[in-house]
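At position 587 of the sequence shown the residue is numbered 587 (full-length UniProt numbering), and the sequence of numbers has no breaks.
Here the structure comes first, spelled out in structure tokens, and everything after it is commentary.
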Amino acid sequence: MNSKKLILLLVIGIVVALFIGFGGHEILTLENLQKHQSSIEQWISQNLLVAVLGFAGIYVVVTALSLPGAAIMTLAGGAFFGNVYGLIAVSVASTIGASIAFLVARFLMRDTLRERYAETVARMDRGIKKDGAFYLATLRLVPVFPFFLINLAMGLTAMKLKTYALVSWVAMLPGTFVYVNAGTQLAQIESTGDIVSADLLLSFALLGLFPLIAKFIVGFIRKRRVYAGWQKPDSFDYNLLVIGGGSAGLVSAYIAAAVKAKVALIEKDKMGGDCLNTGCVPSKALIRSAKAADTMRHANRYGLESVPVKGSFKNIMNRVQDVIAKVEPHDSPERYRKLGVDCISGTASFVSPWELEVVHNDGRTERLTARSIVVATGGRPAVPPIPGLAEMEPLTSDNLWSLDTQPERLLVLGGGPIGSELAHAFARLGSKVTQVEMGDRILAKEDSDVAEVVMKQFEQDGIDLRLNHAAKDFAVEDGEKVAYCEHDGERIRIPFDQVLVAVGRAANTTGLGLEKIGVETLPNGTVPVEEDMSMRFPNVFACGDVAGPYQFTHAAAHQAWYAAVNGLFGQFKRFRVDYRVMPWVTFTSPEVARVGLSEAEAKEKGIAYEVTRYGLDDLDRAIAESEDYGFIKVLTPPGKDKILGAVVVGMHAGEILAEFTLAMKHGLGLNKILGTIHPYPTWNESAKYAAGEWKREHAPQGILRLLEKLHGWRRGKQPRNKAVKEATT
1 MNSKKLILLL VIGIVVALFI GFGGHEILTL ENLQKHQSSI EQWISQNLLV
51 AVLGFAGIYV VVTALSLPGA AIMTLAGGAF FGNVYGLIAV SVASTIGASI
101 AFLVARFLMR DTLRERYAET VARMDRGIKK DGAFYLATLR LVPVFPFFLI
151 NLAMGLTAMK LKTYALVSWV AMLPGTFVYV NAGTQLAQIE STGDIVSADL
201 LLSFALLGLF PLIAKFIVGF IRKRRVYAGW QKPDSFDYNL LVIGGGSAGL
251 VSAYIAAAVK AKVALIEKDK MGGDCLNTGC VPSKALIRSA KAADTMRHAN
301 RYGLESVPVK GSFKNIMNRV QDVIAKVEPH DSPERYRKLG VDCISGTASF
351 VSPWELEVVH NDGRTERLTA RSIVVATGGR PAVPPIPGLA EMEPLTSDNL
401 WSLDTQPERL LVLGGGPIGS ELAHAFARLG SKVTQVEMGD RILAKEDSDV
451 AEVVMKQFEQ DGIDLRLNHA AKDFAVEDGE KVAYCEHDGE RIRIPFDQVL
501 VAVGRAANTT GLGLEKIGVE TLPNGTVPVE EDMSMRFPNV FACGDVAGPY
551 QFTHAAAHQA WYAAVNGLFG QFKRFRVDYR VMPWVTFTSP EVARVGLSEA
601 EAKEKGIAYE VTRYGLDDLD RAIAESEDYG FIKVLTPPGK DKILGAVVVG
651 MHAGEILAEF TLAMKHGLGL NKILGTIHPY PTWNESAKYA AGEWKREHAP
701 QGILRLLEKL HGWRRGKQPR NKAVKEATT
């Protein structure tokens, strides 16, 4: 910190010390002002100009240094100077003081913040440049946050001082008037009877109603601002239009139909989206076949004779398609039409915030209107622009299911959940799998001890893990496909037959016409959404992969509830999406299931925690099934049984996790799990045993020692040391 900043901090410290030392915090109280009200009014009447200037000067100092007493001084402004002079003095002084606090915060902290969090500050500055004045006005009009915090926070942004001062002055005027007016009524109190006077009650009613009125005004202004230039239809074809027939779209349409709203769902391809057709359902069917192959190959674990697996890959993939066909009726147009949803086969693009142009798959074009629109177009596998990769005709989770010949040598790019699940499945089915990951472990979002268990199993199953490898280019050499990776400065050659790309997903926004309604996509392809799942317009929503931040089917369904309910009833009540308890499972073997914080996240956020572990090698059911490996890890606050996060690594981890998810959602601690009867022998007993480990570590040792003495006394036994002494004598 430079000398100028140190001097400024020293000056501020001295002023604050003087304020406290001379009892400023005791002087600026309502009781003190009422006590000296007459003498102060008499002095002011003789020295009005000096009094106003002095009052304003003190107000500036109090506001600039965020000292206690600003609210009392605002009331005093009305009490001693009346509405006109009081309003002028307070509004000008508060604006000057806020501007000084704004500049001080910028001078002391912005450079440091920009050095440490350059990307965050840049993103914040872009937002301020676009909508900063409006957001500042909102914060000033609706006094939820203390004004001194607004002064400090805005000082850390790139907002111009002129803009900050002008917007603050205008936006604070209504609130200032209400408080000053209340002060004029307080000045007239002479007896308890005055408290219930009409004028005083009106002033306090204004104080109570102002935040609500301000919130309504801000909402109205924001609506007018965002819808400026658009003509709202006089009537609508639908209450809700949903674009996309995946998990998010299906749930949105289902909810709307359930509450008897008129709803249409527009899907250009197959209903069910990625989850049914190319994601969750087919991958889990393939994983189950792979597990069966592994069981046959290692049947000696169960006292049987191991047999070589000679399955037909084409038959396996046919089974996958059969599974899809069996699940498909759950998401079919026929089912949803019976529920009351108009299912339209085609594509849609925005014409306005209420209108879509729909091109039917048969070529017809029409325009449909709705009070609210939900975008649930999902995502697709991202293929990185690595030289030569496109010529390899790479497999992805989208086109993988058309294979009828098993690749002998499969190269998997990516160590995330999708890449790891498919790499393990193909390895167990007999492919020679090489998995390339840029980081130092697979499943990078999990703790290192979690990833270690999975990597150990991968190596046992013959997967060639290439960690800290970055794919640089692909080529065909002498008729053989090869990938070149960079590893510790060396160029590594990896031959393969087919490559599966699983390095992430991109949102499906192309062709939606979002640019027509002023919606810009984020760098990762998703659309920016508010906490109520709306994007830019209060009646236009997004959910699922296209909205992020989670790319899970259950997360999409969770978001869809908020999008549908807010879209249908948002004019009356809006709900903010709740991500506090979001579980997920990676279906490798062993499975990895987590909810809440990991250790790494707790450390990053500075959250104090304790770790309780229970090894599944101790669980009777796991031993009986020869699946006795893995563990449960639970994070709790020090000394408390509240669950901050839980991870399960092992067989049936997804099912075991459900108990911890339920407990977190409803605020139940480990003591409640421990006190619940679990049938024996089951996998879910492991949750109870994990809770028991926590209880054992937190047993009250002092009380236990007293109980030990009590039980000894009840048995008539003397303390051991006394009995030994008597025996030796």
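C-beta atoms are modelled at their ideal positions from N, C-alpha and C, and glycine is treated no differently.
Only a predicted model underlies this, so the values are computations on that prediction, with no experimental measurement involved.
- For Leu514, no beta strand (DSSP E) encloses it, and the DSSP letter there is neither H nor E.
- For the pair Arg594 and Pro583, the CB atoms are nearer than the 8 Å cut-off.
- Restricting attention to beta strand (DSSP E) runs no shorter than 3 residues, the stretch 318–369 encloses them at 341–352 and 355–360, ordered along the chain.
- Here Gly340 has Ala257 as same chain residues with Cβ atoms under 7 Å from its own Cβ, once five neighbours each way along the sequence are excluded.
- Annotated as proximal: Ser431 and Gln406, with beta-carbon spacing under 8 Å.
- Excluding five sequence positions before and after Pro308, the CB atoms of its chain that fall closer than 8 Å to its own CB belong to Arg297, given in chain order.
- In the DSSP assignment, Thr377 falls outside any beta strand (DSSP E), carrying neither H nor E.
- Val92 is the residue among Val92, Val529 and Glu421 whose C-alpha sits nearest the C-alpha of Ala171.
- Restricting attention to Leu644, Ile623, Ser352 and Ser283, the CA atom closest to the CA of Gly650 is found in Ile623.
- The Cβ-Cβ distance between Val375 and Phe541 falls below 8 Å.
- When secondary structure is reduced to three states using DSSP, Cys280 falls in the helix class.
- Leu108 is the residue among Thr176, Leu108 and Leu500 whose C-alpha sits nearest the C-alpha of Met154.
- Excluding its 5 nearest sequence neighbours in each direction, Ile418 has C-beta neighbours in its own chain below 7 Å: Ser397 and Ala502, listed in chain order.
- Counting the other CB atoms within 10 Å of its CB gives Tyr238 a total of 16 or more, which places it among the buried residues.
- By a beta-carbon distance limit of 8 Å, Glu421 contacts Ser283. Their separation comes to about 6 Å.
- Of the candidates Leu616, Glu610, Leu657 and Gly416, Glu610 places its Cα closest to the Cα of Pro638.
- Three or more beta-carbon pairs drawn from the stretch 79–99 and the stretch 55–70 are found closer than 8 Å, and the two stretches are therefore classed as touching.
- Taking 3 residues as the minimum length, the beta strand (DSSP E) runs contained wholly in the stretch 426–455 are 432–437, in order along the chain.
- Within the stretch 536–615, the complete alpha helix (DSSP H) segments at least 4 residues long are 553–569 and 599–604, listed from N- to C-terminus.
- Taking the Cβ atoms as the reference, Thr377 lies roughly 12 Å from Leu265, outside the contact range of under 8 Å.
- For Asn239, no alpha helix (DSSP H) run applies; the uninterrupted beta strand (DSSP E) run containing it begins and ends at Tyr238 to Ile243, by DSSP.
- Runs of beta strand (DSSP E) with 3 or more residues, each lying fully within the stretch 39–102, are absent.
- Residue range Glu490 to Phe496 is occupied by the beta strand (DSSP E) that includes Glu490.
- Setting aside the 5 residues that flank it on each side, Val167 is surrounded in the same chain by Ala133, Leu136 and Ala137, each with a C-beta closer than 6 Å to its C-beta; the list follows chain order.
- Proximity of the stretch 461–479 to the stretch 381–396 meets the contact definition, three or more beta-carbon pairs being nearer than 8 Å.
- A straight-line Cα-Cα distance of about 50 Å links Arg140 and Thr676.
- When DSSP reads this structure, Thr636 sits in a beta bridge with Glu610.
- In this structure, DSSP gives Ala622 a helical state, which the three-state scheme calls helix.
- A direct Cα-Cα distance of roughly 22 Å separates Ala101 from Tyr179.
- The shortest CA-to-CA distance from Ile463 to any of Asp620, Phe426 and Glu480 is the one to Phe426.
- Boundaries around Val648 are those of the beta strand (DSSP E), Gly645 to Gly650, since no alpha helix (DSSP H) includes it.
- Separation of Lys314 and Glu328 (C-alpha to C-alpha, rounded to the nearest whole angstrom) is 21 Å.
- A distance below 6 Å between beta-carbons, with the five flanking residues on each side excluded, links Thr347 to the following residues of its chain, in chain order: Lys268 and Val359.
- When the Cα atoms are used, Lys709 and Gln701 turn out to be separated by approximately 13 Å.
- Nearest C-alpha to Ser345 among Ser686, Ala261 and Pro333: Pro333.
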